[in-house]
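For reference, the structure discussed in these notes is given below.
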Amino acid sequence: MMSHRSFRGAAALLLLASGGFVAAQSAAKLPADLDPDSRARLPYLQQKDFDAANQKIYEVLPGRGKDGVVRGPLAFAAYNPAAAKALFDLHNAAVAGSLDPKYRELSIMVACRETNYSLEWNGHLATALKVGNDQKVLDVVRTSGPLTGLDEKDAAVIRFGRQMFRDKKMEPATFAKVAELFGKKGAMDMVAVMNTYAVSGFFAIAVDERAPEGRLDLLSSPIH
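Pasting the structure below:
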C-alpha cells in the first residue's frame, strides 16, 4: 500500500529524467491568468484559509509545508476541504486493493498520461521504475505509442486505461483479458486506482496547472 508519505511526495521538487528524454516546461512567460507560485489559475491555500470547522482536515491533508501552504495533488481540491479529505480517503482505499505494486503504479502512470497530469507523473516515475516497470513501457505510455511487442499484462493495463478515458467504451475482449490476468476484483481495483488519480488530474485541468520549469510537462506532448 502506498503510504501517506508517498502520496505527499508527489509535491516534492525532484529532478527526474525519462530514459535520456527530458521534457522541460518552457521558460516562456506564464499565461496572465496563472498564479506565479502555484503556476495555476488559483493560488495555493494556507492554513489560515481553513475555517475552524476544517482545521482538523487541514492537519491530515498531504502536501502541507512547514510554511502552512498546501501544495501537491490535493492543493486545488482543498478549496472544498471535505472533498479533498474524501479524495485522500478514496486514494488510500484504492491503492490498498489487490493490484501488485508494479501494475498499480503502471495504472497510475496511465491515468496521469490520459489527463496530462504532470505533477503525479513526475511524483510516481521513480516508484514505478523501482517496483519493476520498464522505462520503455513508460515511454510507450508517455508517447501514446503502439502496444505491439509489449508484455501481455503491460499491454492489457494500458489498453484498459486508454479505452476507459479516451474511448469511454470498454471492448469486451479488453475487459475479459484484464479480468483473466488480474481477476475480477483486480479489474475493479484498476478502475479505482486510475480514476482516483484522474480526479486530481481533472482539478489540474480546470486550473490549467503547469509543471515547474525543468520538470516533465505532459501538456507539451498531448495524447491526440
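So the sequence shown is numbered by our numbering: it starts at 1285 and just counts up by one. Ideal placement from N, C-alpha and C gives every residue a C-beta, glycine not left out.
With DSSP as the reference, label Val1354 as helix, strand or coil. Correct three-state label for Val1354: strand.
On the CB-based measure, 16 or more other CB atoms within 10 Å of its CB, does Asp1438 come out buried or exposed? Asp1438 comes out buried.
Using DSSP bridges, identify the partner residues of Gln1330. The partner list for Gln1330 (beta bridge, DSSP) reads Val1353.
Have a look at Leu1318 and Phe1486 and give me their C-alpha separation to the nearest angstrom. Straight-line measurement puts the Cα of Phe1486 at about 17 angstroms from the Cα of Leu1318.
Compare the Cα-Cα distances from Leu1503 to each of Val1379, Val1424 and Arg1397 and report the closest residue. Comparing Cα positions, the closest option is Arg1397.
Given Pro1430, which residues of its chain have a CB within under 6 angstroms of its CB, disregarding the five upstream and five downstream residues? Taking C-beta separations shorter than 6 angstroms and ignoring five residues to either side along the sequence, Pro1430 has no partners in its chain.
For Ile1392, which residues of its own chain have a beta-carbon under 8 angstroms away from its beta-carbon, when the five flanking residues on both sides are left out? Scanning its chain for C-beta atoms nearer than 8 angstroms, with the 5 sequence neighbours on each side dropped, one finds around Ile1392 the residues Glu1404, His1408, Ala1412, Val1477, Met1478 and Tyr1481, in chain order.
Expressed to the nearest angstrom, what Euclidean distance is found between the alpha-carbon atoms of Ala1488 and Phe1360? Approximately 8 angstroms, taken between the alpha carbons.
Given a cut-off of 8 angstroms on the beta-carbon distance, is the pair Arg1355 and Tyr1387 in contact? The criterion of a C-beta distance shorter than 8 angstroms is not satisfied by Arg1355 and Tyr1387.
Ala1324, DSSP secondary structure in three states: In the three-state reduction of the DSSP assignment, Ala1324 falls in the strand class.
Tell me where the alpha helix (DSSP H) around Arg1443 begins and ends. Element bounds for Arg1443: Glu1436 to Arg1446.
Is Glu1534 helix, strand or coil when you go by DSSP? In the structure as shown, the chain begins at 1285 and stops at 1508. Residue 1534 is therefore absent and cannot be evaluated.
On the CB-based measure, 16 or more other CB atoms within 10 Å of its CB, does Ala1336 come out buried or exposed? Ala1336 should be labelled exposed.
Beta-carbon gap between Val1425 and Met1474 smaller than 8 angstroms: With a cutoff of 8 angstroms on beta-carbon distance, Val1425 and Met1474 are scored as not near each other.
Using 8 angstroms as the threshold, is the C-beta distance between Glu1436 and Leu1390 below it? Between Glu1436 and Leu1390, the C-beta gap is not smaller than 8 angstroms, which leaves the two residues out of contact.
From Asp1384 to Asp1373, what does the alpha carbon distance come to, in whole angstroms? Rounded to the nearest angstrom, the two C-alpha atoms are 20 angstroms apart.
DSSP has Arg1348 in a bridge; who is on the other side? DSSP, once it has assigned bridges, lists Val1354 as partnering Arg1348.
Which of helix, strand or coil does DSSP assign to Glu1497? Look at Glu1497 here: in three-state DSSP terms it is strand.
6 angstroms CB neighbourhood of Tyr1342 in its chain, flanking five on each side removed: If we look at Tyr1342 and ignore the five residues flanking it on each side, its Cβ neighbours are Gln1331 and Phe1334.
Coarse secondary structure for Asp1492, derived from DSSP in three states: Under the three-state reduction of DSSP output, Asp1492 falls in the coil class, being neither helix nor strand.
Please confirm whether Val1483 and Ala1324 have their CB atoms less than 8 angstroms apart. Not a contact, by the Cβ cut-off of 8 angstroms.
Helix or strand or just coil, what does DSSP make of Asp1319? In this structure, DSSP gives Asp1319 an extended state, which the three-state scheme calls strand.
Expressed to the nearest angstrom, what Euclidean distance is found between the alpha-carbon atoms of Val1379 and Ala1463? Just so you know, the alpha carbons of Val1379 and Ala1463 end up roughly 18 angstroms apart.
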